[in-house]
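Q: Below you will find the structure I want to go over with you.
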Amino acid sequence: MKIHEHCVSFTLSLFLVTPILGQETVETLNIANNTGANLVDTAQGGQNLCTSDDIVKMDVSGCTCPSIFPPSPRDLVCVTPSGQCPINCNPPPPASPVIPRAELSQCYSGCVNANSECNGCYIWFSSLCRCIRDFQAGTQTACIASPTISAGPPQPNQSPSWVVLGGGDLITTTELIPGILQLNSATDVDGGFRLGQETLRSRGIRDTGTLAMNSVSTRSEEQIHIHVCDHPGSTVRGILDTLHRDNYKTTSSVDLSTFPRPNAAMSCRASPNRDEAINMGRDIVDWLKQYVGTTSCAQYDVGAGVVTDSNGHSWACITTGHRAAENMFCSD
């Protein structure tokens with residue numbers, strides 16, 4: 001599940017709407033007496049809510065996964081003093097500052113506890129939390145973890161897992177990682193895209209399926225995630241079909257002059273053999289090394305996608321334009 005929000009501040013009252021699980025309750029709170037974490041606790045009914053540390057430890061058996069994520073424009077909790085979380089950088093484009101789509105209570109930290117009610121952290125505090133809860137309880141779930149998360153308390157020195165969330169269309173990790181620029185901090189940088197390719201294969205849609213990870217400038221969630229899509233009519237696939245794979249043994253620029261959407265750019269690498277997975281994560285990490293120690297705006301446009309061409313070869317692509325990877329690989 002993916003929720004977009006554009007928060008607008010109010011000065012008199014806060015209306016908390018509960019859209020999750022079909023609830024329609026509306027509650028009016030006086031913000032003079034409820035701020036910050038108090039608003040979250042009040043909205044969630046004073047429950048013992050799971051923290052970010054609980055999720056990282058993969059132990060949510062003694063807490064409740066947050067379920068109330070008020071939509072804009074009624075969510076004062078998730079509006080920073082400036083209204084957004086601008087990122088100052090140096091041209092070339094995009095222009096500085098970069099304005100991420102997710103609005104948070106605490107900027108530049110990902111899904112820390114201060115952001116537990118923000119829609120920009122929904123997949124972390126709600127979707128992933130509920131997957132871990134089901135794994136621990138041993139109940140039937142559509143979630144898939146790699147490595148597996150066993151029933152009961154976490155095992156000593158248990159490795160972090162990449163998880164296909166309950167809706168089946170998103171993958172994230174139990175490590176607190178805001179996005180693509182921090183992928184190098186993952187224990188298994190290739191684990192998410194590997195799980196994504198395994199998921200497409202298990203569903204029988206490897207030939208038509210795609211994977212995408214958005215850039216900082218286009219994402220709406222502040223926890224790293226991969227979109228899992230089925231897109232038989234992919235324009236990107238059609239373009240890659242026309243290329244000579246021998247020219248793409250390493251990540252190289254792809255001519256997108258025939259691409260129907262503006263602001264798209266990408267470089268790709270092809271797998272040498274048919275019907276095999278490709279390591280996307282390491283390509284991302286290697287690509288981003290050029291920005292280490294810089295404040296270049298270009299790094300905030302870096303996204304990624306995986307697609308299989310009509311001959312069964314996998315392609316790992318780095319997107320570098322303003323067009324979101326999710327659009328390029330899942331809908332264009």
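FYI, the UniProt record's numbering numbers position 123 of the sequence shown as 123, with every residue one higher than the one before it. All C-beta atoms, glycine included, are put in the ideal place defined by N, C-alpha and C. Because the structure is a prediction, the values reported are computed rather than measured.
For Trp124 and Gly192, I'd like the C-alpha separation in whole angstroms.
A: If you number the sequence shown from 1, residue 124 lands on position 124. If you number the sequence shown from 1, residue 192 lands on position 192. Near 15 Å, if we compare the C-alpha coordinates of Gly192 and Trp124.
Q: Using the C-alpha atoms, what's the distance from Cys297 back to Pro91?
A: As a position in the sequence shown, residue 91 is number 91, starting the count at 1. As a position in the sequence shown, residue 297 is number 297, starting the count at 1. Near 6 Å, if we compare the C-alpha coordinates of Cys297 and Pro91.
Q: State the Cα-Cα distance for the pair Ile239 and Arg219, rounded to the nearest angstrom.
A: Position 239 of the sequence shown, counting from 1, holds the residue named residue 239. Position 219 of the sequence shown, counting from 1, holds the residue named residue 219. Spanning the two alpha carbons is a distance of roughly 25 Å.
Q: Would you kindly work out how many angstroms separate the C-alpha atoms of Asn279 and Arg194, rounded to a whole number?
A: Your numbering for residue 279 matches position 279 in the sequence shown. Your numbering for residue 194 matches position 194 in the sequence shown. Roughly 7 Å separates the two Cα atoms.
Q: Helix, strand or coil for Asn90 per DSSP?
A: Residue mapping note: residue 90 aligns to position 90 of the sequence shown, counting from 1. Strand.
Q: In the stretch 128–202, which residue ranges form an unbroken beta strand (DSSP E) of at least 3 residues, counting only runs that do not cross its ends?
A: Within the stretch 128–202, the complete beta strand (DSSP E) runs of at least 3 residues are 144–146, 162–164, 170–173.
Q: Whole-angstrom Cβ separation of Pro100 and Ser217, contact assumed at under 8 Å?
A: Within the sequence shown, numbered from 1, the residue matching residue 100 stands at position 100. Within the sequence shown, numbered from 1, the residue matching residue 217 stands at position 217. About 7 Å separates the two Cβ atoms, so the contact holds.
Q: How far does the alpha helix (DSSP H) with Ile226 in it reach, from first residue to last?
A: As a position in the sequence shown, residue 226 is number 226, starting the count at 1. Not the alpha helix (DSSP H): Ile226 falls in the beta strand (DSSP E), residues 226–230.
Q: Could you tell me how far apart the beta carbons of Val285 and Met266 are, in whole angstroms, since I believe they sit closer than 8 Å?
A: The count along the sequence shown starts at 1 and reaches residue 285 at position 285. The count along the sequence shown starts at 1 and reaches residue 266 at position 266. Not a contact, Cβ separation roughly 17 Å.
Q: Please determine if the stretch 115–122 and the stretch 134–149 are in contact, where contact requires at least 3 C-beta pairs separated by less than 8 Å.
A: Segments in contact, no.
Q: Kindly list the residues whose CB is nearer than 8 Å to the CB of Asp116, restricted to its own chain and excluding five residues on each side of it in sequence; keep chain order.
A: Counted from its first residue, the sequence shown places residue 116 at position 116. Strictly speaking, residue 116 in this sequence is Ser, with Asp absent from that position. Correct list, in chain order: Val40, Leu49, Thr51, Ser52, Pro66, Phe125.
Q: According to the Cβ coordinates, are Asn263 and His225 closer than 7 Å?
A: Residue mapping note: residue 263 aligns to position 263 of the sequence shown, counting from 1. Residue mapping note: residue 225 aligns to position 225 of the sequence shown, counting from 1. Not in contact: Asn263 and His225 (Cβ atoms no closer than 7 Å).
Q: If you count every other CB in all the chains shown that lies within 10 Å of the CB of Val292, and 16 or more means buried, which is it?
A: To locate residue 292, count along the sequence shown from 1; it is residue 292. Val292 is exposed by the Cβ-count criterion.
Q: Where does the unbroken alpha helix (DSSP H) through Ala325 begin, and where does it stop?
A: As a working mapping, residue 325 is identified with position 325 in the sequence shown. Per DSSP, Ala325 belongs to the alpha helix (DSSP H) from 325–330.
Q: Here's the rule: buried if 16 or more other CB atoms are within 10 angstroms of the residue's CB, otherwise exposed. What is Asp241?
A: Within the sequence shown, numbered from 1, the residue matching residue 241 stands at position 241. That one is exposed.
Q: Assuming the contact rule is C-beta atoms closer than 8 Å, Ile171 and Val228 should be a hit. Round their C-beta distance to whole Å, please.
A: Residue numbering aside, residue 171 sits at position 171 when the sequence shown is read from its first letter. Residue numbering aside, residue 228 sits at position 228 when the sequence shown is read from its first letter. Rounded, the Cβ-Cβ distance is 6 Å, consistent with contact.
Q: What do you reckon, are the CB atoms on Leu211 and Val306 nearer than 7 Å?
A: Sequence index remark: in the sequence shown, residue 211 carries index 211 (1-based). Sequence index remark: in the sequence shown, residue 306 carries index 306 (1-based). Their beta carbons are under 7 Å apart, which means Leu211 touches Val306 by this criterion.
Q: CB Gln197 to CB Ala277, shorter than 7 Å?
A: Walking along the sequence shown from the start, residue 197 turns up at place 197. Walking along the sequence shown from the start, residue 277 turns up at place 277. Result yes, Cβ atoms of Gln197 and Ala277 sit closer than 7 Å.
Q: Which residues in the same chain have their Cβ closer than 7 Å to the Cβ of Val189, if we skip the five residues on either side of it in sequence?
A: Start at 1 with the first residue of the sequence shown, and residue 189 comes out as number 189. The residues are Leu183, Gly281, Arg282, Val285.
Q: Between the C-alpha atoms of Thr320 and Gly303, what's the straight-line distance to the nearest angstrom?
A: Residue 320 sits at position 320 when you count from the first residue of the sequence shown. Residue 303 sits at position 303 when you count from the first residue of the sequence shown. Roughly 7 Å between the two C-alpha positions.
Q: Going by DSSP in three states, Gly120 sits in which element: helix, strand or coil?
A: As a working mapping, residue 120 is identified with position 120 in the sequence shown. Helix at Gly120.
Q: Is the beta carbon of Cys78 less than 7 Å from the beta carbon of Glu103?
A: Within the sequence shown, numbered from 1, the residue matching residue 78 stands at position 78. Within the sequence shown, numbered from 1, the residue matching residue 103 stands at position 103. In contact: Cys78 and Glu103 (Cβ atoms closer than 7 Å).
Q: I think Thr173 touches Pro160, with their Cβ atoms under 8 Å apart; what is that distance to the nearest whole Å?
A: Start at 1 with the first residue of the sequence shown, and residue 173 comes out as number 173. Start at 1 with the first residue of the sequence shown, and residue 160 comes out as number 160. Confirmed, about 6 Å.
Q: Skipping 5 residues on each side, what residues in its chain have a beta carbon closer than 8 Å to that of Cys330?
A: In the sequence shown, counting from the first residue as 1, residue 330 sits at position 330. Once the five neighbours on either side are set aside, the close Cβ partners of Cys330 are Thr210, Ala212, His227, Cys229, His231.
Q: Tell me where the alpha helix (DSSP H) around Val285 begins and ends.
A: Along the sequence shown, read from residue 1 onward, the residue named residue 285 stands at position 285. Note, Val285: alpha helix (DSSP H), 281–288.
Q: What residues are listed by DSSP as bridge partners for Arg266?
A: The residue labelled residue 266 in the question sits at position 266 within the sequence shown. Sequence check: residue 266 is Met here, not Arg. Beta-bridge pairing links Met266 to Thr319.
Q: Do you know whose CA, among Arg261, Leu243, Cys143, Asn327, lies nearest Ser314's CA?
A: Here residue 314 corresponds to residue number 314 of the sequence shown, with the count starting at 1. For the residues Arg261, Leu243, Cys143, Asn327, the minimum Cα distance to Ser314 belongs to Leu243.
Q: Over what stretch of residues does the beta strand (DSSP E) that includes Leu211 continue unbroken?
A: The residue given as residue 211 occupies position 211 in the sequence shown. That run of the beta strand (DSSP E) goes 209–213.
Q: Name, in chain order, the residues that DSSP records as bridge partners for Gly305.
A: As a first step, residue 305 must be located in the sequence shown, where it is residue number 305. Ala212, Cys317.
Q: Specify the secondary structure class of Leu49 as computed by DSSP and reduced to three states.
A: By one-based count along the sequence shown, residue 49 stands at place 49. Leu49: strand per DSSP, three-state reduction.
Q: Mapping the DSSP letters down to three states, classify residue 376 as helix, strand or coil.
A: Absent from the structure is residue 376, since the part of the chain shown begins at 1 and ends at 332.
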